[in-house]
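In what follows, a single structure is set out as structure tokens and then discussed.
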Amino acid sequence: MAPLEIRPIVIYSLVFCVIVLALFFYHFRSNLSALGASLRVPILKHLVYRPAIGSRRFQVQWTRADVLAELAYLGLNVFCVYFKSPTLSSAGLRAANLCIVNLVFLCATPHLDTLTNTLGLQWCTVRRFHGSVGVMATLLLGFHLVAFAVSPVSFPVWKAENKWAVVAATSIGLLVTLCLPAIRNSWYELFLRVHQGLAILSVYAIWVHIAQRPLLPRFYLYTLAGGAGLSTLVLGCLIWRRNGILSYRLPRADVMNSKGAVLVRVVLSRPVRVRAGQYISLWLFMPSTSFHSLFEYHPFMVASWSDAPLATLDLLIEPRGGLTRHLLHRSQMRQDLCRAFFSGPHGNSVPVGQYEVVLMVASGYGIAAQLPYLKQLLHEYNSRKARSRRIHLVWELKTLDLAMAIESLLNDALRDDTLDNGYISVYVEDVQRSDKISSRAEVIKGLPDWYSIVKDEVAGKYIKRVQEEASTRGDMVVTGKCLLLTLLTKRLTVIVATSTGIRQELRAIVQRFVDNKVDLVELDYQPS
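Residues 1 to 528 in full-length UniProt numbering are what the sequence shown lists, from first letter to last.
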């Protein structure tokens, strides 16, 4: 049979197999769910929470699961390049096509923030995925260049398509080089603009280079352009609507300084629903401070929460460099009101209400990511929407200055508080015995013993008896239903917004208690 006659048969067979597999998985979904539950503990214990390198000297600690995922991704690309490839030149052409396919995933959206909402992934996962795909595209491009260099085919540079090939290769090489932490962290806002500009330049250069080539590689670029155009249009419409551009009333940002901490209150043009743990990307129009601030925007965690749409957003900003450093200097000179522009909210919310015990761990400015969850848990506890029976917030500080600076945010989070005292523990290295920040918070001098804290929460040491808890809340106690609820409820979650060292220590601790239904969730914002 001719190849054209075989194609319909192959397509029919693939569709038929997909339908049969879908019916199979649907019929045995309960068995597959039980299989997944049985595999969950060994996967978490030996892959997800186990570091690939045991030493804690490495600031970026990869787990075994991360290494396996990267090796599988590399192996898949190597297989696609070499499988039934007769010559090195044909393998080089395959590598070029795979490079363009990877670029589709890299450039399909104008900003990575949109992927957190679209794919339901955390920011750190999206960023690592973006970096891995970028490195893979660069490796494929390098292999394509080497394979072409050793081939007998000439490469006249004076031709336009070949000139743009050099431009594309140079742009992609610069893209990866500029992503080095020493460069990226020093000039973050400038890095973003240059990164996006080089990405656009490389795509255009590839377009010119393959303009006379077969349809398939051009189809990949058509897909890239269509996806990027559609996502940009949707994102632009959302930004246009949420910022009230048609009403000629842009949001306003009130930049304040509270005892050395930068607080920004954004007054919105129209209310926006924000879930706990979400953030916004904010533009501030402050040409008097610096002209390039007009081209800077930065992601900031929203420290406020409500079950209704919010008309104002409270932001607690950690001064690091660039825009955040400018905001610190500006707030120290005067309290100012400026026009603002934002996109979002972005990110996903952890379903903390499904857990029986919620241990919230923060260090320094990481409290900005925990306050919305604290307020949400208190609200859902009072309205009987949450299954949580124990909430414990542990906050590590060097001094109490930051706690005093955000007293208004903390009081707002505790407005609906009806729980007993002692569920907020503030560990401070330098503190006087008489220092206090709230009647609900216990100030403790020294560093926390993380293992003892997690161990006590796993053991349920501070959980009230069901009857006692119900009498406090005015609930009717039905023992059978409460027992069923306890069986269905997940045991303990540890949500973390801390420095790197504490996160590494907590991963090692949680790894020991995975058998007790303990989950570790690292939030999108992690302080330095």
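Don't be surprised by glycine CBs; every beta carbon is placed ideally from N, CA and C.
None of the values given here were measured: they were computed from a predicted structure.
Roughly how many angstroms lie between the CA atoms of Arg-390 and Val-357, to the nearest whole one?
5 angstroms
Suppose only complete runs of 3+ residues qualify. What are the beta strand (DSSP E) ranges in the UniProt domain "FAD-binding FR-type" (243–352), listed by chain order?
List check, beta strand (DSSP E) in window: 252–258, 261–272, 279–284, 297–301, 310–317, 336–346.
Could you check if Arg-415 is buried or exposed, using at least 16 other CB atoms within 10 Å of its CB as the buried criterion?
exposed
Can you give me the C-alpha to C-alpha distance between Ala-228 and Ala-362, rounded to a whole angstrom?
37 angstroms
On the premise that Ser-343 lies in contact with Ser-281, defined as a C-beta separation below 8 angstroms, what is that separation, rounded to the nearest angstrom?
5 angstroms
Cβ separation of Leu-347 and Gly-277, assumed to be a contact under 8 angstroms, to the nearest whole Å
The residue asked about is misnamed: residue 347 is Gly in this sequence, not Leu. About 6 angstroms; that satisfies the 8 angstroms criterion.
Tell me whether Gln-59 is buried or exposed, calling it buried when 16 or more other Cβ atoms sit within 10 Å of its Cβ.
At Gln-59, the pLDDT of 48 sits below 50, so the modelled position is not reliable and the matter cannot be decided from this model.
Tell me the residue span of the beta strand (DSSP E) that contains Ser-425.
424–428
Kindly identify the DSSP beta-bridge partner or partners of Tyr-362.
The question names Tyr, but residue 362 in the sequence shown is Ala. Note: Ala-362 sits in a beta bridge opposite Trp-395, Ala-497.
Distance between Leu-190 and Gly-321 (C-alpha atoms, nearest Å)
Each residue's Cα considered, the two are about 12 angstroms apart.
Reference Pro-214; option with closest CA among Tyr-73, Ala-96, Arg-242:
Ala-96
Report buried or exposed for Val-510, applying the criterion of at least 16 other Cβ atoms within 10 angstroms of its Cβ.
buried
Go through its chain and collect everything with a Cβ distance to Thr-324's Cβ below 6 angstroms, but skip five positions before and after it.
Ile-317
Taking just the CA atoms, how far does Tyr-355 sit from Phe-44?
In the sequence as displayed, the identity of residue 44 is Leu instead of Phe. Answer to the nearest angstrom: the Cα atoms are 18 angstroms apart.
Considering only residues of the same chain and omitting the five flanking positions on each side of Val-208, which have a CB-CB separation below 7 angstroms?
The residues are Ala-160, Glu-161, Trp-164.
With 16 other CB atoms within 10 Å as the buried threshold, where does Leu-484 fall?
Confidence at Leu-484 is low in this model, with a pLDDT of 33, below 50, so the placement of that residue is unreliable and no value is reported for it.
Three or more C-beta pairs closer than 8 angstroms, one from the region 100–112 and one from the region 146–156: is that the case here?
Segment contact: the region 100–112 against the region 146–156, fewer than three CB-CB distances shorter than 8 angstroms; contact not assigned.
Span separating the alpha-carbon of Ala-65 from that of Arg-40
13 angstroms
May I ask which residues mark the beginning and end of the alpha helix (DSSP H) holding Leu-68?
64–82
Can you confirm whether the region 512–522 touches the region 365–384 when touching is taken to mean that 3 or more C-beta pairs between the two stretches lie within less than 8 angstroms?
no
According to DSSP, is Pro-448 part of a helix, a strand, or is it coil?
coil
With a threshold of 8 angstroms on Cβ separation, who are the neighbours of Ala-340 within its own chain once the five nearest residues in sequence on each side are excluded?
Leu-250, Pro-251, Arg-252, Ala-253, Val-266, Leu-282, Trp-283, Leu-284, Phe-285
Where Val-521 sits in the DSSP three-state scheme:
strand
For Leu-112 and Thr-125, what's the separation of their Cα atoms in angstroms?
11 angstroms
Going by the CB atoms, is the gap between Arg-507 and Tyr-49 shorter than 8 angstroms?
Yes.
Going by DSSP, name the residue or residues bridged to Val-443.
Val-426
Local Cβ density within 10 Å of Gly-366, reported as buried at 16 or more and exposed below that
buried
Within 10 angstroms of its Cβ, does Arg-384 collect 16 or more other Cβ (buried), or is it exposed?
Arg-384 is exposed by the Cβ-count criterion.
Let me check one thing: in DSSP terms, what residues is Leu-492 bridge-paired to?
Val-357, Val-518
Mark Met-476 as exposed unless 16 or more other C-beta atoms lie within 10 angstroms of its C-beta, in which case mark it buried.
Residue confidence for Met-476 is low, a pLDDT of 33 falling below 50, so the modelled location carries little weight; the figure read from the coordinates is stated next. Around the beta carbon of Met-476, fewer than 16 other beta carbons sit within 10 angstroms, so the residue counts as exposed.
Who are the Cβ neighbours of Pro-299 in its own chain at under 6 angstroms, not counting the five residues just before and after it?
Tyr-279, Ser-281
Might you give, ordered along the chain, the residues of its own chain that have their beta carbon closer than 7 angstroms to the beta carbon of Ser-171, omitting 5 neighbours on each side?
Correct list, in chain order: Leu-198, Leu-201, Ser-202, Ala-205.
Alpha-carbon to alpha-carbon, Trp-395 and Pro-448
Taking C-alpha positions only, Pro-448 is separated from Trp-395 by approximately 9 angstroms.
DSSP-derived helix/strand/coil call for Pro-51
strand
Assuming the contact rule is C-beta atoms closer than 8 angstroms, Trp-240 and Asp-524 should be a hit. Round their C-beta distance to whole Å, please.
Between Asp-524 and Trp-240 the Cβ distance is about 25 angstroms, and since that is not below 8 angstroms, they are no contact.
Neighbourhood of Phe-143 by C-beta distance below 8 angstroms, restricted to the same chain and skipping five residues each side
Spatial neighbours of Phe-143 in its own chain (CB-CB distance under 8 angstroms, excluding positions within 5 residues in sequence) are listed in chain order as Val-81, Ala-91, Gly-92, Ala-95.
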